[in-house]
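Input: a single structure, listed below in structure tokens.
Number of protein chains: 2
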Amino acid sequence: MENSLKEKGLVYYSSLGWKVLSNYLYEQKDSKIFILTDENTKRYCSEYFLEKLCIEFKLEVLTISAGEAFKNIFTCMNVWNTLSEKGADRNSIIINLGGGVVTDLGGFVASTFKRGLRFINIPTSLLAMVDASVGGKNGVDLGSIKNQIGVITLPEMVLIDTEFLKTLPKAHLTSGLAEMLKHGLIHSKKYWERIKGVNVLDEVEFEKLIRESVDIKKEIVTKDPLEKNLRKTLNYGHTLGHAIESYFLESDQKPELLHGEAVAIGIILATHISTESLGFPKKTLDDVTRTILSYFPRQNFSKSDIEAVIKFLVFDKKNRNGKVLFVLLEDIGQYKIDCEVSNSLIYSAFEYYKNF
Amino acid sequence: MENSLKEKGLVYYSSLGWKVLSNYLYEQKDSKIFILTDENTKRYCSEYFLEKLCIEFKLEVLTISAGEAFKNIFTCMNVWNTLSEKGADRNSIIINLGGGVVTDLGGFVASTFKRGLRFINIPTSLLAMVDASVGGKNGVDLGSIKNQIGVITLPEMVLIDTEFLKTLPKAHLTSGLAEMLKHGLIHSKKYWERIKGVNVLDEVEFEKLIRESVDIKKEIVTKDPLEKNLRKTLNYGHTLGHAIESYFLESDQKPELLHGEAVAIGIILATHISTESLGFPKKTLDDVTRTILSYFPRQNFSKSDIEAVIKFLVFDKKNRNGKVLFVLLEDIGQYKIDCEVSNSLIYSAFEYYKNF
Numbered sequence: 001m002e003n004s005l006k007e008k009g010l011v012y013y014s015s016l017g018w019k020v021l022s023n024y025l026y027e028q029k030d031s032k033i034f035i036l037t038d039e040n041t042k043r044y045c046s047e048y049f050l051e052k053l054c055i056e057f058k059l060e061v062l063t064i065s066a067g068e069a070f071k072n073i074f075t076c077m078n079v080w081n082t083l084s085e086k087g088a089d090r091n092s093i094i095i096n097l098g099g100g101v102v103t104d105l106g107g108f109v110a111s112t113f114k115r116g117l118r119f120i121n122i123p124t125s126l127l128a129m130v131d132a133s134v135g136g137k138n139g140v141d142l143g144s145i146k147n148q149i150g151v152i153t154l155p156e157m158v159l160i161d162t163e164f165l166k167t168l169p170k171a172h173l174t175s176g177l178a179e180m181l182k183h184g185l186i187h188s189k190k191y192w193e194r195i196k197g198v199n200v201l202d203e204v205e206f207e208k209l210i211r212e213s214v215d216i217k218k219e220i221v222t223k224d225p226l227e228k229n230l231r232k233t234l235n236y237g238h239t240l241g242h243a244i245e246s247y248f249l250e251s252d253q254k255p256e257l258l259h260g261e262a263v264a265i266g267i268i269l270a271t272h273i274s275t276e277s278l279g280f281p282k283k284t285l286d287d288v289t290r291t292i293l294s295y296f297p298r299q300n301f302s303k304s305d306i307e308a309v310i311k312f313l314v315f316d317k318k319n320r321n322g323k324v325l326f327v328l329l330e331d332i333g334q335y336k337i338d339c340e341v342s343n344s345l346i347y348s349a350f351e352y353y354k355n356f
Numbered sequence: 001m002e003n004s005l006k007e008k009g010l011v012y013y014s015s016l017g018w019k020v021l022s023n024y025l026y027e028q029k030d031s032k033i034f035i036l037t038d039e040n041t042k043r044y045c046s047e048y049f050l051e052k053l054c055i056e057f058k059l060e061v062l063t064i065s066a067g068e069a070f071k072n073i074f075t076c077m078n079v080w081n082t083l084s085e086k087g088a089d090r091n092s093i094i095i096n097l098g099g100g101v102v103t104d105l106g107g108f109v110a111s112t113f114k115r116g117l118r119f120i121n122i123p124t125s126l127l128a129m130v131d132a133s134v135g136g137k138n139g140v141d142l143g144s145i146k147n148q149i150g151v152i153t154l155p156e157m158v159l160i161d162t163e164f165l166k167t168l169p170k171a172h173l174t175s176g177l178a179e180m181l182k183h184g185l186i187h188s189k190k191y192w193e194r195i196k197g198v199n200v201l202d203e204v205e206f207e208k209l210i211r212e213s214v215d216i217k218k219e220i221v222t223k224d225p226l227e228k229n230l231r232k233t234l235n236y237g238h239t240l241g242h243a244i245e246s247y248f249l250e251s252d253q254k255p256e257l258l259h260g261e262a263v264a265i266g267i268i269l270a271t272h273i274s275t276e277s278l279g280f281p282k283k284t285l286d287d288v289t290r291t292i293l294s295y296f297p298r299q300n301f302s303k304s305d306i307e308a309v310i311k312f313l314v315f316d317k318k319n320r321n322g323k324v325l326f327v328l329l330e331d332i333g334q335y336k337i338d339c340e341v342s343n344s345l346i347y348s349a350f351e352y353y354k355n356f
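Keeping their order, the protein sequence lines are chains A and B.
Read left to right, the first sequence gives residues 1 to 356 (UniProt numbering).
Read left to right, the second sequence gives residues 1 to 356 (UniProt numbering).
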């Protein structure tokens, strides 16, 4: 088998990306190619995808239901069974065309089918572009516990084409911003200042910011692929963010939150806790909160909601020996990992979020 | 975390093994330790296990139903959920105490829970000792298709104690012999001659042969961990063997075959095909058949049984572009991989097996 790709997991952009992909698939023409989409990406993205490929292919399209609620092992079983029926073998390639649910689930399905098929990620949501596409984490939820089952395997390549962003409803676009804001907070004041006032309609500037966000994530996961220390910073805002997302997913009374919407709240809470316990500047905290609330409408949390969210914290993957461990910041770009946080600090963070 | 283990995946034997394990667990005393067993190994092996550990531990025992029929994703979900409930975190360790079903499923569950917990294999069946324990393959069946879902991850260590073999019913002991016979056939005449006449009651000699079998497998998987070529030889007899096993598992009319019982038939068939298409010596073929039939009672295959078995071949993991590819032999120790085999050769192999 020829292979024009230098190494696994590299990110290619726009028209160069399509050339690299077309080339690669051309070399693999003995392989069966499967496209994994969800109902939305099939409808809005697959035509553009086929148009951009410079060669003709026989492709099998597999479609899953859209939404986080379907990011589970039952959906995996459906896809595994379909792959089996359609004669996928170890030489087959799966192209995940979609948002984070498709790339996370598709990466896991590919990595575990016959002990590992090759896969390619083409993220179509902002969130998947700046976050899920880099670093090789994949997986599915277990009940309402997020990403509990998964492995780390690199895709053959990632193709980011910001044209796909035009297919997104506004809430989904904003959702991805949360991870970009996070990249600013954990990495550099300069990026934070640029991203916080971004105009998503300025396509050229926005694509630049996306590339920088990908570069920040790439730098971090390259230094610490197995999440021993530095990579944990990417979980900033995610400890409470995931718990909130899980709780809203499980609760009948709550709307389903997009990942970024939950993480945005988690960032405010983690930053308040950072101010209380590590002296993160109060002024910057207020700037963070103001910025986030300008993109993400405030959610209501009753006392019993907060209790329920805290219960979900025990499932966080960073925990050790039953202790819930947070990533916190002393200032923008100055992180501290494995911080224990008391429940009363969590309550007062929710209080701050409510009254800001 | 201290770590007395030099590298992952090493096999330790008997009393040295217990010392190494006790030491290792002592160093990891901040970790939660889980033991995965099935009903049988819990009953027959766990007491001995606890006795041999030189230190006191708080262990959580997780027990699954015994048998290949439970080596599936639903059992994984039960174990994942239990791990979640019992607070397993990334620092936890799973000890798989059991036969191939427990080590295969336990390895997969551990490798995918929170994207990877450490695990240790303590095989209690002969089959698991000489085969499943080495090389890091793990996984579960998808419907009746064997090992369709899985990954390759090395355990922290493997502990082989032949005392466990005394707990095995005779059929399970014999079942493991099939893989040892296979190791002889693909590797060396010398080992074949010794293993074919083995007296399993001669404990000292038998343990020697087990160690050599493990060494043969180890040598092969070290040279070709990702099964690009040489490692495929370990599938000798497995292409038809797996298909037979799957068919018997699915059929109401057929008894459930142990893995080794199915592989034993597969070895006779593959050797007959080797004689027909690569000139494997007829005299050695008859020797192979005689040896295997002395351990494994002959099964009946009607014409429709054979048709059904052939249908299962399309799921074989070695297949490429819809072609079923066999490992065949020109002589003992002289293999040829990726051989296409016609259905008529398969029918005549079954004919030979029936009439020998």
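For each residue, glycine too, the CB sits at the ideal point set by N, CA and C.
Quantities reported herein were computed from a predicted structural model and do not represent experimental measurements.
Sheet register partners of residue i (DSSP bridge)
{"i": "Y13(B)", "result": "I160(B)"}
{"i": "L62(B)", "result": "L36(B)"}
{"i": "P123(A)", "result": "G98(A)"}
{"i": "V140(A)", "result": "I149(A)"}
{"i": "F326(A)", "result": "C339(A)"}
{"i": "F248(B)", "result": "The partner list for F248(B) (beta bridge, DSSP) is empty, contrary to what the question assumes."}
{"i": "D331(A)", "result": "Q334(A)"}
{"i": "I73(B)", "result": "None, per the DSSP bridge assignment."}
{"i": "F113(A)", "result": "I149(B)"}
{"i": "R320(A)", "result": "K323(A)"}
{"i": "R118(B)", "result": "I93(B)"}
Neighbour-count burial assignment, residue i, 16 or more Cβ in a 10 Å radius
{"i": "T41(B)", "result": "buried"}
{"i": "A69(B)", "result": "exposed"}
{"i": "G237(A)", "result": "buried"}
{"i": "C54(B)", "result": "exposed"}
{"i": "F164(B)", "result": "buried"}
{"i": "R290(B)", "result": "exposed"}
{"i": "N300(A)", "result": "exposed"}
{"i": "N199(A)", "result": "exposed"}
{"i": "P169(A)", "result": "exposed"}
Short Cβ contact (8 Å threshold) for residue i with residue j
{"i": "G139(B)", "j": "D104(B)", "result": "yes"}
{"i": "G9(B)", "j": "S188(B)", "result": "no"}
{"i": "K137(B)", "j": "I120(B)", "result": "no"}
{"i": "L328(B)", "j": "E340(B)", "result": "no"}
{"i": "I160(B)", "j": "M180(B)", "result": "no"}
{"i": "Y347(B)", "j": "H272(B)", "result": "no"}
{"i": "V158(B)", "j": "V20(B)", "result": "no"}
{"i": "I195(A)", "j": "L173(A)", "result": "no"}
{"i": "K336(A)", "j": "L278(A)", "result": "yes"}
{"i": "I310(A)", "j": "N355(A)", "result": "no"}
{"i": "L234(B)", "j": "I220(B)", "result": "yes"}
{"i": "I145(A)", "j": "I73(A)", "result": "no"}
Rounded C-alpha distance that separates residue i from residue j
{"i": "I64(A)", "j": "G99(A)", "result": "12 Å"}
{"i": "N321(B)", "j": "D30(A)", "result": "7 Å"}
{"i": "L230(B)", "j": "F108(B)", "result": "24 Å"}
{"i": "V314(B)", "j": "V101(A)", "result": "30 Å"}
{"i": "residue 358(B)", "j": "G87(B)", "result": "Outside the shown range of chain B, which is 1 to 356, sits residue 358(B), and nothing can be said about it."}
{"i": "K232(B)", "j": "D287(A)", "result": "60 Å"}
{"i": "S4(B)", "j": "I93(B)", "result": "15 Å"}
{"i": "A110(A)", "j": "P297(A)", "result": "36 Å"}
{"i": "N91(A)", "j": "A349(A)", "result": "51 Å"}
{"i": "S175(B)", "j": "V263(B)", "result": "9 Å"}
{"i": "S46(B)", "j": "F34(A)", "result": "45 Å"}
{"i": "F248(B)", "j": "P255(B)", "result": "6 Å"}
{"i": "F49(B)", "j": "L154(B)", "result": "22 Å"}
{"i": "S14(B)", "j": "T162(B)", "result": "7 Å"}
Range of the contiguous beta strand (DSSP E) that encloses residue i
{"i": "C339(B)", "result": "Q334 to E340"}
beta-carbon residue i near the ligand NAD non-hydrogen atom, thresh 7 Å
{"i": "S31(A)", "result": "Judged by which ligands are present, the structure shown has none, so any question about the ligand NAD falls away."}
Residue range of the alpha helix (DSSP H) that includes residue i
{"i": "I220(B)", "result": "E203 to K223"}
{"i": "A132(A)", "result": "Unbroken run through A132(A): none, as it is neither H nor E."}
{"i": "D286(A)", "result": "K282 to Y295"}
{"i": "E56(B)", "result": "Where E56(B) is concerned, there is no enclosing alpha helix (DSSP H), given that its DSSP letter is neither H nor E."}
{"i": "F312(B)", "result": "K303 to F312"}
{"i": "K8(A)", "result": "Neither: K8(A) is in no alpha helix (DSSP H) and is coded neither H nor E."}
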